[in-house]
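Enquirer: Protein chains in written order, with my numbering: chain F, 1 to 116; chain L, 1001 to 1114. C-beta: ideal position from N, C-alpha, C; glycine also. Quick one: this structure, given as structure tokens, is what I'll be asking you about.
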Amino acid sequence: GAVVSQHPSWVICKSGTSVKIECRSLDFQATTMFWYRQFPKQSLMLMATSNEGSKATYEQGVEKDKFLINHASLTLSTLTVTSAHPEDSSFYICSATRRLYNSPLHFGNGTRLTVT
Amino acid sequence: DAKTTQPNSMESNEEEPVHLPCNHSTISGTDYIHWYRQLPSQGPEYVIHGLTSNVNNRMASLAIAEDRKSSTLILHRATLRDAAVYYCILCAPKRETSGSRLTFGEGTQLTVNP
Chain F
1 GAVVSQHPSW VICKSGTSVK IECRSLDFQA TTMFWYRQFP KQSLMLMATS
51 NEGSKATYEQ GVEKDKFLIN HASLTLSTLT VTSAHPEDSS FYICSATRRL
101 YNSPLHFGNG TRLTVT
Chain L
1001 DAKTTQPNSM ESNEEEPVHL PCNHSTISGT DYIHWYRQLP SQGPEYVIHG
1051 LTSNVNNRMA SLAIAEDRKS STLILHRATL RDAAVYYCIL CAPKRETSGS
1101 RLTFGEGTQL TVNP
């Protein structure tokens, strides 16, 4: 079946530094990928929609200059958390879908970000 | 996005069937009913989806009410590995092949007792 790979699975960084998270679709092309964030004991919150070859679409309240998204190919999207602060510590999850009508989403296993 | 309502938590015993309900009284005619589940510290996993007719796959069954205002995810024999948060989500697929945004609610935490 379809697989979405996310890397790294966890990362610890210091305040003020930037962290890049990769999301790859391993056996299918994904023109669209989605980035979610999940805080402990809460549900997933959609951050942005990543479109191959064009600018990402951000949800209301998500700072596009802080969460940089690049979708340079049909199999890779990256999320960079810039100038990270402790409040950015969270579980970041990407998802992708096959280029088929009404195809379900396939999710990565998430990246646990801890900012110290 | 149309809203869904699920119980916060449910319990089941191992090897017994589990019926997870979902209410979606404001569902529109083009909304599909999707179910995903999330195990601890993992990304969500697709379970099943349907439009009007009941659906079966290797993981579960989806029973959809005739008026489509509610649905039930059925796990026929719960195992300890089925302990997860189950999300019922409505999704109106786009005509273009770009996928659809999914808005997650709070879901149902399923506990499976040995």
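Let's test the definition: count the other Cβ atoms within 10 Å of the Cβ of Thr78(F) and tell me whether it reaches 16, buried, or not, exposed.
Expert: Answer is buried; the Cβ neighbour count reaches 16.
Enquirer: What did DSSP end up calling Glu87(F) once you bin it into helix, strand or coil?
Expert: Glu87(F): helix per DSSP, three-state reduction.
Enquirer: For Asn1013(L) and Lys64(F), what's the separation of their Cα atoms in angstroms?
Expert: Going by the C-alpha atoms only, they are around 46 Å apart.
Enquirer: Just to make sure I have the definition right: I need the residues of chain F whose C-beta is within less than 7 Å of the C-beta of Arg1101(L). Which are they?
Expert: Phe34, Leu46, Thr49
Enquirer: Using DSSP bridges, identify the partner residues of Leu1075(L).
Expert: Answer by DSSP bridge pairing, in chain order: Val1018(L).
Enquirer: Which residues bound the beta strand (DSSP E) around Ser73(F)?
Expert: 67 to 73
Enquirer: Could you name the residues of chain L that Phe107(F) contacts, counting a contact when the two beta carbons are closer than 9 Å?
Expert: Tyr1036, Gln1038, Gln1042, Gly1043, Pro1044, Glu1045, Tyr1046
Enquirer: Between the Cα of Glu1016(L) and the Cα atoms of Thr1111(L), Ser1053(L), Arg1077(L), His1034(L), which residue gives the shortest distance?
Expert: Closest by alpha carbon: Arg1077(L).
Enquirer: Pair every Cβ in the stretch 88 to 108 of chain F with every Cβ in the stretch 1057 to 1072 of chain L, then say whether three or more of these pairs are closer than 8 Å.
Expert: The stretch 88 to 108 of chain F is not in contact with the stretch 1057 to 1072 of chain L.
Enquirer: Can you have a look at His85(F) and say buried or exposed, based on whether 16 or more other CB atoms are within 10 angstroms of its CB?
Expert: exposed
Enquirer: Closest to Ser1025(L) by C-alpha separation, out of Leu1090(L), Asn1113(L), Pro1114(L), Leu1102(L), would be which residue?
Expert: Distances from the CA of Ser1025(L) to each of Leu1090(L), Asn1113(L), Pro1114(L), Leu1102(L) were compared; the closest alpha carbon is that of Leu1090(L).
Enquirer: Please name the residue in Gly61(F), Leu68(F), Thr57(F), Val3(F) whose C-alpha comes closest to that of Leu26(F).
Expert: Val3(F)
Enquirer: Hey, which unbroken runs of the alpha helix (DSSP H) at 4 residues or more fall wholly within the stretch 17 to 63 of chain F?
Expert: Counting only runs of 4 or more, we get nothing.
Enquirer: Tell me whether Gln1110(L) sits in a helix, a strand or coil according to DSSP, three-state version.
Expert: Checking the sequence, you will find Leu at residue 1110(L) rather than Gln. In this structure, Leu1110(L) counts as strand in the three-state DSSP scheme.
Enquirer: Within 8 Å of any Cβ in chain F, is that where the Cβ of Thr1004(L) sits?
Expert: no
Enquirer: Assuming Val1047(L) contacts Leu1073(L) under a Cβ cut-off of 8 Å, what Cβ separation, rounded to an integer in Å, is found between them?
Expert: 7 Å
Enquirer: Does any residue of chain F have a CB that is nearer than 8 Å to the CB of Thr1097(L)?
Expert: Its pLDDT being 49, under 50, Thr1097(L) is placed unreliably by the model, and the measurement read from it follows with that caveat. At a cut-off of 8 Å between C-beta atoms, Thr1097(L) counts as an interface residue with respect to chain F.
Enquirer: At a Cβ threshold of 8 Å, is Gly53(F) touching chain L?
Expert: Under the 8 Å criterion on CB atoms, Gly53(F) is classed as non-interfacial with respect to chain L.
Enquirer: Below 8 Å on the Cβ atoms is my contact criterion, and I expect Cys1088(L) with Ile1033(L) to pass it. Report the Cβ-Cβ distance as a whole number of Å.
Expert: Confirmed, about 7 Å.
Enquirer: Under a three-way DSSP split, which group does Thr1097(L) fall into?
Expert: Note on Thr1097(L): pLDDT 49, under 50, position unreliable in the model; the coordinate value appears next. The answer is coil: DSSP assigns Thr1097(L) none of H, G, I, E or B.
Enquirer: Can Ile69(F) and Ser54(F) be called in contact, C-beta distance under 8 Å?
Expert: no
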